[in-house]
Amino acid sequence: MSHFTKIKTKLYDLRTLKKSLSDLKLAWSTEEQTVKGYNGQQYQAEIVIKQDNNFDLGFKWNGSEYEFVADLMYWSQPQSIDKFLNQITQRYAYNSIVQMSEQQNFQFIQTENTAEGSIRLVLRRYAE
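Throughout the sequence shown, residue numbering follows the working numbering, covering 62 to 189 in sequence.
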């Protein structure tokens, strides 16, 4: 019986996901592609995040998006699973906006982290 939980996300681009995890200072790897769980169980994933307790977290491509995969019985992060995934999703959205704005010739002006936890971006593009 598997103890792994799969959580759907709205994360589609591997490069943006990797950058977002790095921005959040999460130690991830694509070299060891097995998430370890209860009783030696393993689950294949494209990205593996090691935890101090040797039970891993991961992101697995399901054909349309990256699913978050973990044995939640061994959750060992300083915040809840919801907050953890919300931080990754927020950073992913930020990086996606910055990347798309550069492609459309917007100039990055400033970023501000608000008190309620949102990120405010100011971009500018001059009409020709």
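Glycine included, C-beta positions come from ideal geometry on N, C-alpha and C.
Where DSSP assigns a beta bridge to residue i, which residues make up the other side?
i	result
F129	I68, F120
Q105	T95
E173	R181
W89	I110
Q160	According to DSSP, which records beta bridges pairwise, Q160 is partnered with nothing at all.
Q168	R185
Please go through the same chain and pick out, in chain order, the residues whose beta-carbon is closer than 7 Å to the beta-carbon of residue i, but skip the five residues on each side of it.
i	result
Y155	I180
D113	S137
I158	L182
K69	E126, E128
L75	E107
K97	Q103, N115, F116, D117
Quick one, are the C-beta atoms of residue i and residue j less than 9 Å apart?
i	j	result
S81	I149	yes
V109	W89	yes
E107	Y127	yes
T77	Q160	yes
What does a CB cutoff of less than 6 Å around residue i pick up in its chain, not counting 5 residues either side in sequence?
i	result
Q151	none
How should residue i be labelled, buried or exposed, when 16 other C-beta atoms within 10 angstroms of its C-beta is the threshold for buried?
i	result
G124	exposed
G178	exposed
F169	exposed
Y187	exposed
Y220	Because the chain spans 62 through 189 in this model, residue 220 falls outside it and cannot be assessed.
Going along the chain, which residues of its own chain have a beta-carbon closer than 8 Å to the beta-carbon of residue i, five neighbours each way excluded?
i	result
Q102	S63, H64, F65, D132
L146	I68, T70, F129
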